[in-house]
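Engineer:
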Amino acid sequence: MPIHNSDISEVFTKVADLLEIQGANPFRVRAYRNAARVVGGLGQSVSDMLDQGEDLSELPGLGKDLAGKVKEIVDTGKLTQLEELKKEVPPELTQILKIATLGPKKVSALYHELGITNIDDLKKAVRDKKVRTLDGFGEKTEQKILEEVKRFEADQGKRRIKLIEAEQRAEPLEGYLKKQKGVKRIVVAGSYRRRKETVGDLDILVTCKKGSDLMERLVEYDDVTQVVSKGKTRSTVILRSGLQVDVRVVPQVSYGAALHYFTGSKAHNIAVRKLATAKGLKINEYGVFNKKEERVAGKTEEEVYAQVDLPYIEPELREGSGETEAAKEGKLPKLIEIKDIVGDLHVHTKATDGHHDLQELAEAARERNYAYLAITDHSKRVSMAHGLDAKRLGEQIKEIDRINGKLKGIRLLKGIEVDILEDGSLDLPDDILKELDLRVCSVHYNTSLSAKKQTERIIRAMDNPYFNIFAHPTGRLINERGPYDVNMEEVIKAAEERGCFLEINAHPDRLDLSGRYCKRAKEVGVKVAISTDAHRITNLDYMRFGVDQARRGWLERDDVINTRGLKALRKLFTRK
Ligand code: DGT
Ligand code: CA
Ligand code: CA
Ligand code: ZN
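Using my numbering, you'd call the opening residue of the sequence shown number 1 and step up by one each time.
(1) If we count the other Cβ atoms within 10 Å of its Cβ and call it buried at 16 or more, is residue 439 buried or exposed?
(2) Suppose you measure from the CA of residue 248 to the CA of residue 295; what does that come to, to the nearest Å?
(3) Roughly how many angstroms lie between the CA atoms of residue 246 and residue 237, to the nearest whole one?
(4) Determine which residues share a DSSP beta bridge with residue 534 and list them.
(5) What residues in its chain sit with their C-beta under 8 Å from that of residue 493, if we drop five residues either side in the sequence?
(6) Are at least three pairs of beta-carbons, each pair with one atom in the stretch 250–257 and one in the stretch 267–279, less than 8 Å apart?
(7) Does residue 149 come out as helix, strand or coil in the three-state DSSP assignment?
(8) What's the call for residue 227, buried or exposed, on a 16-neighbour Cβ count within 10 Å?
(9) Reducing DSSP to helix, strand and coil, say where residue 284 ends up.
(10) I need the DSSP call for residue 120, collapsed to helix, strand or coil.
(11) Pull every residue with its beta-carbon under 6 Å away from any heavy atom of ligand 2, and keep them in chain order.
(12) Using 8 Å as the threshold, is the stretch 320–339 in touch with the stretch 351–367, meaning 3 or more CB pairs across them?
(13) Heavy atom of ligand 3 less than 8 Å from the Cβ of residue 81, yes or no?
(14) Tell me the DSSP bridge mates of residue 505?
(15) In or out: residue 291 buried (at least 16 other Cβ within 10 Å) or exposed?
(16) Could you check how far apart the C-beta atoms of residue 41 and residue 535 are, in whole angstroms? I think they sit under 8 Å.
(17) Between the stretch 403–415 and the stretch 367–375, can you find at least three pairs of beta-carbon atoms closer than 8 Å?
(18) For the candidate residues 13, 266, 5, whose alpha-carbon lies nearest to that of residue 169?
(19) Strictly closer than 5 Å from CB to any heavy atom of ligand 4: give me those residues in the order they appear in the chain.
(20) Just to confirm, does residue 246 get its C-beta within under 8 Å of one of the non-hydrogen atoms of ligand 3?
(21) With 16 other CB atoms within 10 Å as the buried threshold, where does residue 488 fall?
(22) Between the alpha carbons of residue 293 and residue 307, how many angstroms are there, rounded?
(23) Under 8 Å: does the beta carbon of residue 273 sit that close to some heavy atom of ligand 1?
(24) When you compare only the Cα positions, how much space is there between residue 7 and residue 19?
(25) Determine the extent of the beta strand (DSSP E) in which residue 414 is found, giving its start and end residues.
(26) Determine the direct distance from the alpha carbon of residue 202 to that of residue 257, and round the result to whole angstroms.
(27) Does the beta-carbon distance from residue 149 to residue 99 come in below 9 Å?
(28) Applying the 10 Å Cβ sphere with the 16-neighbour rule, what's the burial state of residue 315?
(29) Using the beta-carbon count (16 or more within 10 Å), is residue 549 buried or exposed?
(30) Residue 193: which of 447, 469, 163 sits nearest, CA to CA?
(31) Would you call the stretch 478–488 and the stretch 526–544 touching, i.e. three or more CB-CB distances under 8 Å?
(32) Taking residue 297 as part of the beta strand (DSSP E), name the residues at either end of that continuous run.
(33) Closest by CA to residue 505, which one among 451, 152, 441, 231?
(34) Across the stretch 470–478 and the stretch 497–511, are there enough close Cβ pairs to call them in contact, namely three or more that are closer than 8 Å?
(35) In whole angstroms, give me the CA-to-CA distance for residue 379 and residue 461.
(36) Rounded to the nearest angstrom, how far is the Cβ of residue 74 from that of residue 108, given a contact under 8 Å?
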């Protein structure tokens, strides 16, 4: 069973956490965090790369020592260094680190001064009012900790994984099951098929010949650590990552009905069932049945929908948010597809925190059949990423002009990801911004302002006529931090009034805007850009995740600006 990139990332993050709690050299800690990010962000499986004899030490930020550690994890499933660290520092402390407001310094103090090693200890110390006695903690911090602990515990019970991680687990399993004797069709239904940004569990449907031993093979799969139940037509197993998988074998005649039922969502199923009931039909995972209990449909999903007088509804729309009504009125959107995308409008180069140069990125974009690629490095405020000042940006502009002069079949656009400063001004002066083809604007700092202040700040930035695209608008990091306090309704309206666009950041950790806000943007009349925010070439392939999100937001080709040809696109960036 191959080790996934995310498993490796996790090990490195744990090492970094434990080292940091120990008070290790910050550079060492950063090297591990960096390695976790590099491995996690690769579009390619590290174990495959090793299989093919590739030299991992050539990956940026990895080096020989860390590459050796990656290999150790892939070969043995473990890292000796982490095992050693766990003897020195209680590993449960990394649990406490997951509590927002508690960084390594604070966790270290809790551990060294109060002997706290787990969440229960922490709760007790808060109750005993001991935490407030520590340097740097106070009564307020104590209260905050208690709130965060409650939230953390509530989240634990319903842990969901990111779609990309679900894919990394589902695809090999699907491949393995497909190879088994007698298996005909296999599909992952549920939230996975609806392309929801996080997935609670996998729902796999299979059709196979009689007498297949599929379930025997399932429980033998390497990645399975626990068999919850095993039957002829239905089994539930748990994978190493903790992900639950429900597998159901369904008869051919019921395939469409089962697919419809298990794709959900529950709210969608209920809406469809209501329509069936009104027509005197019964609908379940086996088929659609009339009053005489005869099966009138079930083989395909189209057949099921046809029975309730609806056209086929794409899985991404099936959230019970008006799709059956729209279908009935013939008003379903014709959803955007990945092939409609003709360019990417947010990428970073080596000049800041990206890993490739202009030429390499241009070639990668051309390989993806793009017509254009916008170079949008960070501005100077993002000093950690070595953001560009006006002078360096000026040099990059010249370099892009020079490269464009030689390039065939692809055009680099001159852009910037300019920071929106706390007062709503942009991080670079207008006279350099006006030299660019487009400006992507984003918030990276002062993210904890009140909703009112944050909203005002963003709208003030939009007042600048060089503001084109608002990047990762809510700032959420899936499973890490929620959106910051901001009134998105007002932001969307402000964008509409000023001729600004909103980004769907396609990075699987962000997917920001979410589907819900895409839909709202469309209703208000704001168009979006689907952009990868690539820091390396393989990240360009995240585009499909952004398209998934756009589809969940009911967007059509015309709602997305990077489906336009270069000429039409350019016009959009000159505000009236
Ligand atoms: P998840 O796993 O939390 O990401 O979300 P889903 O949508 O995959 O939910 P899951 O795995 O509990 O169930 C898969 C599908 O099965 C669900 O989308 C709809 C269907 N389903 C499950 N329970 C019910 C139910 O009680 N009523 C109806 N109508 N459908 C259900
Ligand atoms: Ca599911
Ligand atoms: Ca399920
Ligand atoms: Zn960016």
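Think of the CB as a built atom: it goes at the ideal place given N, C-alpha and C, for glycine as much as any other residue.
Structural biologist: On the basis of the supplied data:
(1) buried
(2) 20 Å
(3) 7 Å
(4) 347
(5) 524
(6) no
(7) helix
(8) exposed
(9) strand
(10) helix
(11) 190, 191, 200, 201, 203
(12) no
(13) no
(14) 512, 531
(15) exposed
(16) 7 Å
(17) yes
(18) 5
(19) 417, 533
(20) yes
(21) buried
(22) 15 Å
(23) yes
(24) 19 Å
(25) 411–414
(26) 18 Å
(27) yes
(28) buried
(29) buried
(30) 163
(31) no
(32) 295–297
(33) 441
(34) yes
(35) 15 Å
(36) Contact doesn't hold; Cβ gap of about 31 Å is too wide.
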